[in-house]
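Per our numbering, the sequence shown starts with residue 1, numbered consecutively. Backbone N, C-alpha and C define an ideal beta-carbon position, used for all residues, glycine too. Here's the structure, in structure tokens; my notes come after.
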Amino acid sequence: MRYLVPMWLIVVSMVLAPPALPAAEPDTGAFIEVTGRGTVAERPDEAVLTFAVETSAADADEAIRQNAAKAEKLIAKLKQKMVSQDRLTTTRFQLHPIYDKTSRISPSSFRVSNTVKLETGQVDNLGLLIDTAADAGSNRIGQLHFRHSRSEELARQAAVLAVQQARRIAEDLARAAGVTITRVQRISYGSHPSPRPMRAEMAMARSATPIEVGALAIERQVMVVFAIE
1 MRYLVPMWLI
11 VVSMVLAPPA
21 LPAAEPDTGA
31 FIEVTGRGTV
41 AERPDEAVLT
51 FAVETSAADA
61 DEAIRQNAAK
71 AEKLIAKLKQ
81 KMVSQDRLTT
91 TRFQLHPIYD
101 KTSRISPSSF
111 RVSNTVKLET
121 GQVDNLGLLI
131 DTAADAGSNR
141 IGQLHFRHSR
151 SEELARQAAV
161 LAVQQARRIA
171 EDLARAAGVT
181 ITRVQRISYG
191 SHPSPRPMRA
201 EMAMARSATP
211 IEVGALAIER
221 QVMVVFAIE
């Protein structure tokens with residue numbers, strides 16, 4: 001059976017339907033694209049160090065037993081020097097068979113390594129912590145790096161400086177080209193590099209280990225597109 005749609009219903013539907021919106025056209029006007037970089041330097045207030053204890057023995061169980069005893073001593077000594085906000089965690093435990101030149105079938109000995117990571121806010125007492133670990137039997141100390149507890153805030157400050165630098169560069173370019181900046185079309189946040197130590201040195205010595213703490217350079221990069229006329 002065929003049905004006929006009344007003409008008045010078709011007319012009402014056409015009136016009530018919203019008009020189609022025109023597709024947004026890309027902004028193809030003249031523009032200047034500039035990359036800006038900003039850096040904020042601050043003295044770090046946190047440090048991360050790793051300490052390892054290595055032992056070797058002909059038997060794997062004996063190598064593990066010796067290592068456990070030395071690792072317990074290291075951890076106990078470090079905890080005596082730690083403050084409430086410091087953190088000490090085990091990051092790696094490894095057991096390696098050692099083969100000599102005459103046989104590759106059965107190992108001649110076993111080496112065990114136990115590594116702990118210390119995160120501390122005692123940046124002015126790092127030499128004392130390093131000496132404590134060495135006296136407790138740590139035979140591998142390394143991966144000292146600094147950071148800042150307000151790194152996100154400092155990164156935002158660096159990004160603002162990057163935008164300001166980009167505008168200064170764009171204004172110079174526009175002036176040289178005889179044009180005028182009218183507005184910002186787009187801002188793209190660049191990569192987030194890790195804080196770069198501007199100066200952080202460690203020198204091992206028989207007495208208290210000297211640690212010279214410098215500044216962290218927190219850098220950010222932005223790309224800004226300015227419309228011109």
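Starting from the Cα of residue i, find the closest Cα among the options and give me that residue.
i      : options                       : result
ASP100 : GLU152, SER109, GLN165        : SER109
THR115 : HIS148, ALA57, VAL53, ASP45   : VAL53
GLU152 : ILE228, GLU219, PHE31, ARG167 : GLU219
GLU301 : SER188, LEU126, LEU161, GLU72 : The structure shown does not extend to residue 301, since the chain is modelled only from 1 through 229, so no value can be given for it.
LEU95  : ASP131, VAL123, ALA58, MET82  : ALA58
LYS81  : THR91, PHE226, THR120         : THR120
Any idea what DSSP makes of residue i, helix, strand or coil?
i      : result
ILE105 : coil
ALA217 : strand
SER232 : A query on residue 232 cannot be resolved here, the shown segment of the chain reaching from 1 to 229 and no further.
GLU229 : coil
VAL48  : strand
THR132 : helix
If you draw a straight line from the alpha carbon of residue i to that of residue j, how long is it in whole angstroms?
i      : j      : result
ASP86  : LEU118 : 7 Å
ALA69  : THR89  : 17 Å
GLY137 : PHE146 : 24 Å
ALA217 : ILE32  : 28 Å
LEU129 : SER113 : 20 Å
ALA24  : ARG186 : Low per-residue confidence applies at ALA24: pLDDT is 46, beneath 50, and the placement is therefore not dependable enough to give any value.
LYS77  : ILE211 : 20 Å
ALA205 : ARG140 : Note that ALA205 has pLDDT 39, beneath the 50 cutoff, so the model's placement of it is unreliable and the number below is only indicative. Taking the straight line from one Cα to the other gives about 15 Å.
Which residues does DSSP pair with residue i in a beta bridge?
i      : result
MET223 : THR35, SER188
ASN139 : Bridge partners of ASN139: none, in fact.
GLU42  : LEU216
GLU119 : VAL48, ARG87
Grab me the residues of residue i's own chain with a C-beta within less than 7 Å of its C-beta, minus the 5 sequence neighbours each way, in chain order.
i      : result
SER149 : ASP45, GLU46
For residue i, which residues from the same chain have a beta carbon less than 8 Å from its beta carbon, with the 5 sequence-adjacent residues on both sides left out?
i     : result
LEU74 : PHE51, VAL53, VAL116, ALA133, ALA136, GLY137, SER138
To which residues of the same chain is residue i closer than 6 Å at the C-beta, ignoring the five residues directly before and after it?
i     : result
THR55 : ALA63, GLN66, ASN67, VAL112
ARG37 : ALA162, GLN221
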